[in-house]
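In my numbering, the protein residues as written are 638 to 880.
If you want it as C-alpha cells, here you go:
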C-alpha cells in the first residue's frame, strides 16, 4: 500500500526546488496534493496535483484558501526567501521579506489549516527551516538566520501545544541544496563557479544536496512511519553541522 494513500496534503513553494520534489513524492505515494505558489505555469506541470496560485504574503488569501480546501492531513511549509547581508549591511526590505515569507506566511498557513486537523484529531506539519539560524550561524545571512531560527522555535511551540491532540510538527533543516533559487543566488555573486565551489567546500560530503533527498525526509515526516516523532529539527546537510 502507498505510504500516503487516502491522505490530503498541502505544499507551499511547490513550483520548484524542494517544494516541487516534495509534491511529486507525495503524489507517487498516493496522496491528494494541493500545490501553492505564485508561478502558475510551473504549478500546471505537476501532473495530478491541484494547483492554487497564491501570494503567501497576503494573509487574506491564505485564510480564503484554508476555508475553501477543507480538512487536510499534511501541511508542508516550503516557501521561503534567502536574504544576504550581515547585521550592518542587510537592507530593511530583505529583512521584512525574510520574516513575512519565512515566518508569517508559515504561521498563517498553520493557523488556517490546523483547526481542521484538530477537528479530526490527527495531522502532520513539516516546516522547511535550515541549518542556518536553526542550528548554526552562517556568514552573511543575518535576516535569513534570524527568520529560520524563528521557524525552529514555532515548530517546537506547535509540537508541544498540540501533541496531546494528535498533531505532530517537525522541521527539516537542509544545508546547501541544488535548486533554481540557488542558481540565481550563485549567478548574483558575479562568479557562479567560484561561489558554487565555496558552497561545495563547506559540505564534508563534498557535494551539494538534492531536492529529492530532502523530499524523502519530508515524506517520512508526513507519513505514519514517523508517528512517534514531533518537535524535532532534522538536519540534512551532508555532515556540515557534524563537522
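Where is the CB? At the ideal position from N, CA and C, for every residue including glycine.
To which residues of the same chain is residue 757 closer than 7 Å at the C-beta, ignoring the five residues directly before and after it?
708
### Message
If I measure Cβ to Cβ from residue 869 and keep anything under 7 Å in the same chain, skipping five residues before and after, which residues do I get?
### Response
807
Task: DSSP three-state assignment for residue 761, whether helix, strand or coil - done: strand
Could you tell me how far apart the beta carbons of residue 809 and residue 856 are, in whole angstroms, since I believe they sit closer than 8 Å?
-> That pair is no contact at about 11 Å.
Practice problem: Specify the secondary structure class of residue 845 as computed by DSSP and reduced to three states. | Solution: coil
- [ ] Only counting runs of 3 or more residues, tell me where the beta strand (DSSP E) segments fall wholly within the stretch 719-768, in order along the chain.
- [x] 760-765
Check whether the Cβ atoms of residue 746 and residue 699 lie closer than 9 Å to each other. yes
Meets three-Cβ-pair contact criterion under 8 Å: the stretch 783-800 and the stretch 759-774: yes
Practice prompt. Could you tell me which of 690, 639 and 801 sits nearest to residue 647, measuring between CA atoms?
Written response: 690
message = Let's see if you can read the secondary structure: which residues bound the beta strand (DSSP E) around residue 880?
response = Residue 880 -> no beta strand (DSSP E), and no H or E assigned at all.
Considering only residues of the same chain and omitting the five flanking positions on each side of residue 731, which have a CB-CB separation below 6 Å?
720 and 780
- Could you pull the start and end residues of the alpha helix (DSSP H) that residue 795 belongs to? 779-799
- Using the Cα positions of residue 817 and residue 833, report the straight-line distance between them to the nearest angstrom. 13 Å
* Asked: Who does residue 806 pair with in a DSSP beta bridge?
  -> 762
Does the structure place the stretch 679-688 close enough to the stretch 736-750 that three or more beta carbon pairs sit under 8 Å? no
Problem set entry | Of the residues 880, 803 and 778, the one placed nearest residue 755, counting alpha carbons only | 803
Item to check | DSSP state of residue 820 mapped onto helix, strand, coil | outcome: helix
Nearest neighbour of residue 639, chosen from 668, 645, 655 and 657 [CA to CA]: 668
Checklist entry - Per DSSP, residue 811 forms a beta bridge with which residues? => result 873
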